[in-house]
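Okay, so here's the structure we're looking at.
Protein chains in written order, with this note's numbering: chain S, 1 to 79; chain U, 80 to 444.
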């Protein structure tokens, strides 16, 4: 089913966040459902910020993604 | 650290400020950058020399969106700045997003704080998972000495200590919720959530969030001190009162109410009382109990006055309790008194301790 637009924005934000700061490979995500890579990277981010590791884009995780921050990645090399 | 523990091979590091943000005086930017570098030179042998032309190790500039390194900024908020680890060329270079409002205070993004963080990267530090560390990736405005123990340990692992190190007082690391010796500063309810204050942090427990969330007090309430002594919720007035020293603040939800802080003596406490250890609202009697040292007081919320006949000794009216209380909260009709690493589940009606648990069992430890 097509995502409601609010979800879609959140989804795009999360995808961009994870690719910028956690090395999520670009372009791999299908729009329907969670790919393994997406889930793995969300778990990495939740572990880093000591959030509950759910592997899903829960409210807490999304709220943190929206906070002002430094542009250097949290994990992985900075090329 | 970055993979490969990238660092400058020479302790004399040069920097150059290529351009300036229109948000601040040139001298303010110079000072902010110099103070940010001094944060790191104070605890390492590093010496920073300013160049006014040519290529420096650390080239500092302000730019917006795509600004020359194919690593674009994103307009206001979001990404604030970035920096590159030590190395030739772009290595060490530090860029600030000029779509942000840069300030010298807490009214917008404080340039000194962001610069100190980014220059940490330029010296070889990567991000910390400690919410109280300068190298934590999320911006928060803090006052006082900016480095935490975690930051100092990290930079000295790369460069060693400053041989002439002036005594610095680093911020303690964030408390570990499962430390068996953990004690609390204050506990209160807040619209169905439980807020637990410890040092500069608070944990937020939400019924649907089994994992407590740790946050800096000042990132939510910049004007409240870094240390909270006591807190209680009056659900009927929908306010939470937070005590620190001889002052108290009022929250409605997460918002600070105008007209605060007020002195705790406005409640009717004598001037000799300098600190409230714990506070809890008893909904049956509409009284708030305030604990100070070995005594407690009873404040009538309806009349706004302290009941006569107080203080009374805690030990006398709460049999089974230690004589001092760090924090108190009311849950499901029971009182929970916290003292050091233990918490006492107390029945206010039958006047006795029902169970003794570890303080941090409330944090799923």
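Don't be surprised by glycine CBs; every beta carbon is placed ideally from N, CA and C.
{"Query": "Neighbourhood of residue 219 of chain U by C-beta, 6 Å cutoff - its chain only, sequence neighbours within 5 removed", "Result": "295, 298"}
{"Query": "Residues of its chain near residue 277 of chain U, where Cβ-Cβ distance is below 6 Å and the 5 sequence neighbours each way are ignored", "Result": "254, 263, 264"}
{"Query": "Contacts around residue 187 of chain U, its chain only, beta-carbon distance under 6 Å, and the 5 residues preceding and following it disregarded", "Result": "180"}
{"Query": "Proximal chain S residues relative to residue 217 of chain U, where beta-carbon distance stays under 9 Å", "Result": "49, 64, 67, 68, 69, 70"}
{"Query": "Below-8 Å beta-carbon distance, residue 74 of chain S vs any chain U residue", "Result": "yes"}
{"Query": "Residue 1 of chain S, buried or exposed, once every other Cβ within 10 Å from all chains shown has been counted against 16", "Result": "Note on residue 1 of chain S: pLDDT 47, under 50, position unreliable in the model; the coordinate value appears next. It counts as exposed."}
{"Query": "Beta carbon of residue 165 of chain U nearer than 8 Å to that of residue 116 of chain U", "Result": "no"}
{"Query": "Beta-bridge pairing of residue 118 of chain U - partner residues as DSSP gives them", "Result": "DSSP, once it has assigned bridges, lists no residue as partnering residue 118 of chain U."}
{"Query": "Helix, strand or coil at residue 79 of chain S according to DSSP, with G and I counted as helix", "Result": "Only weak support exists for where residue 79 of chain S lies, its pLDDT of 47 falling under 50; the value from the coordinates is given anyway. Residue state, collapsed to three classes: coil."}
{"Query": "Cβ of residue 439 of chain U within 8 Å of any chain S Cβ", "Result": "no"}
{"Query": "Terminal residues of the beta strand (DSSP E) in which residue 234 of chain U lies", "Result": "Note, residue 234 of chain U: premise wrong, no beta strand (DSSP E); alpha helix (DSSP H) at 228 to 238."}
{"Query": "Uninterrupted alpha helix (DSSP H) stretches inside the segment 138 to 224 of chain U (no shorter than 4 residues)", "Result": "190 to 201"}
{"Query": "Residue 56 of chain U to residue 275 of chain U span [Cα, whole Å]", "Result": "No statement about residue 56 of chain U is possible, as the shown extent of chain U runs from 80 to 444 and does not include it."}
{"Query": "Beta carbon of residue 65 of chain S nearer than 8 Å to that of residue 17 of chain S", "Result": "yes"}
{"Query": "Closer than 7 Å at the beta carbon, the chain S residues around residue 161 of chain U", "Result": "70, 71, 72"}
{"Query": "Cut-off 6 Å between Cβ atoms - residues of its own chain near residue 62 of chain S, not counting five sequence neighbours on either side", "Result": "10"}
{"Query": "Element boundaries [alpha helix (DSSP H), containing residue 312 of chain U]", "Result": "First-last for residue 312 of chain U: 309 to 313, but that is the beta strand (DSSP E), not the alpha helix (DSSP H)."}
{"Query": "Whole runs of the alpha helix (DSSP H) within the segment 243 to 307 of chain U, excluding any shorter than 4 residues", "Result": "296 to 299"}
{"Query": "Under 8 Å (Cβ pairs) to chain B, residues found in the segment 193 to 218 of chain U", "Result": "Checking the listed chains, one finds no chain B in this structure; the protein chains it contains are S and U."}
{"Query": "Residue 44 of chain U classed as buried or exposed, judged by whether at least 16 other C-beta atoms fall within 10 angstroms", "Result": "No answer is possible for residue 44 of chain U: the residues shown for chain U start at 80 and end at 444."}
{"Query": "Own chain partners of residue 79 of chain S with C-beta closer than 8 Å, once the 5 adjacent residues on each side are dropped", "Result": "In this prediction, residue 79 of chain S scores a pLDDT of 47, lower than 50, which makes its location untrustworthy; the coordinate-derived value is nonetheless stated afterwards. If we look at residue 79 of chain S and ignore the five residues flanking it on each side, it has no Cβ neighbours."}
{"Query": "Secondary structure of residue 424 of chain U, DSSP reduced to three states", "Result": "strand"}
{"Query": "From U/212, U/158, U/436, U/284, residue whose alpha carbon lies closest to that of residue 174 of chain U", "Result": "U/158"}
{"Query": "Limits of the alpha helix (DSSP H) - the one that residue 36 of chain S falls within", "Result": "36 to 48"}
{"Query": "Interface flag, residue 293 of chain U vs chain S, CB-CB below 8 Å", "Result": "yes"}
{"Query": "Cβ contact (3+ pairs, closer than 8 Å) linking the segment 375 to 386 of chain U and the segment 325 to 335 of chain U", "Result": "no"}
{"Query": "Alpha-carbon to alpha-carbon, residue 258 of chain U and residue 13 of chain S", "Result": "35 Å"}
{"Query": "Residue 361 of chain U, DSSP secondary structure in three states", "Result": "strand"}
{"Query": "Host beta strand (DSSP E) of residue 327 of chain U (start-end)", "Result": "326 to 331"}
{"Query": "Chain U contact residues for residue 60 of chain S, given Cβ-Cβ distances below 7 Å", "Result": "288, 292"}
{"Query": "Amino acids of chain S, ordered along the chain, whose beta-carbon sits closer than 9 Å to that of residue 158 of chain U", "Result": "20, 68, 69, 70, 71"}
{"Query": "Cβ-based neighbour list, residue 281 of chain U, same chain, cut-off 7 Å, excluding 5 preceding and 5 following", "Result": "274, 275, 294, 296"}
{"Query": "Nearest candidate by alpha-carbon position, reference residue 87 of chain U, set U/96, U/437, U/167", "Result": "U/167"}
{"Query": "Terminal residues of the alpha helix (DSSP H) in which residue 96 of chain U lies", "Result": "It is not in any alpha helix (DSSP H) - residue 96 of chain U instead sits in the beta strand (DSSP E) that spans 91 to 96."}
{"Query": "Exposure label - residue 402 of chain U; buried when at least 16 CB within 10 Å", "Result": "exposed"}
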